[in-house]
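In the working numbering, the protein residues as written are 272 to 456.
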């Protein structure tokens, strides 16, 4: 009987501790919500400025909850669009930001491939791989050897699924660009 009271008391104590910690974490996140959002926006703008040299970025509303941004010069002229898209790689969703201007891919940055295989799939974040997307016009095609045409992208060795995820993300961004371009006509 005493043994079951001890177990019940320990369980109740553990439950209260978990409850307090959960509320403390949620409260901290809530208290710093604006600060966290500001830091996330600053990080997003840093990546965007790396892809398109623009003065300002404005969020665009797209169907399906897709994220898109207009890149603007100091006079408010649209320089291009940036899209955040995802596709499933080897171990998880691979998040990619694609910059597109006049139907051409200006640049690509892999935002998150952290759940891909270390030393293989995570290599899609490297400059050598993402630079292959610059100046592509039309949908990219993944190949396992050196590209023979201008829209081909060489997959990272041993990471074909992760490489394909980046290509699919860029294809989604191109489709979103077509959608935005059609809506502006």
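A virtual CB, placed ideally from N, CA and C, is assigned to each residue, including glycine. In this text the structure is predicted, and so the values were computed from the model without any measurement.
Within 10 angstroms of the beta-carbon of residue 339 lie 16 or more other beta-carbons, which makes it buried. For residue 422 and residue 391, the gap between their C-alpha atoms comes out near 23 Å. Ranking 431, 302, 435 and 443 by CA distance to the CA of residue 370 puts 443 first.
Leaving aside the five residues that flank residue 403 on each side, the residues in its chain whose CB is nearer than 6 Å to its CB run, in chain order, 424. Taking the Cα of residue 435 as reference, the smallest distance to any Cα among 413, 314 and 301 is reached at 413. In the three-state scheme derived from DSSP, where H, G and I count as helix and E and B as strand, residue 439 is classed as helix. Judged by their CB atoms, residue 441 and residue 381 are not nearer to each other than the 8 Å cut-off.
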